[in-house]
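Residue numbers (my numbering): 1387 to 1473.
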């Protein structure tokens, strides 16, 4: 059996691509859809994945979450409070 080599990370984006795709605007729109201040803050700081392996893992997690939302009762999100100052 042939042993597989681990894939080396490859950069998936560059600054020019982000500018052309208006990534800042997309991030702003997505952040505005968050149900909590903490969610908006996290989304506002989001950056593209820097390697293919991480991107695949995150896509898999996203697919799992979407399946949970589609087939189960979604968790209530309207009453989420930011407790970061308390912590």
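Beta carbons are placed, not taken as given, at the ideal position from N, Cα and C, and that holds for glycine.
Option in the options with minimal Cα separation from residue i
{"i": "residue 1411", "options": "1429, 1425, 1424", "result": "1429"}
{"i": "residue 1471", "options": "1416, 1452, 1424, 1406", "result": "1424"}
CB of residue i within 8 Å of CB of residue j, strictly
{"i": "residue 1435", "j": "residue 1441", "result": "yes"}
{"i": "residue 1456", "j": "residue 1432", "result": "no"}
Close-in-space but distant-in-sequence residues of the same chain around residue i (CB under 8 Å, 5 per side omitted)
{"i": "residue 1418", "result": "1426"}
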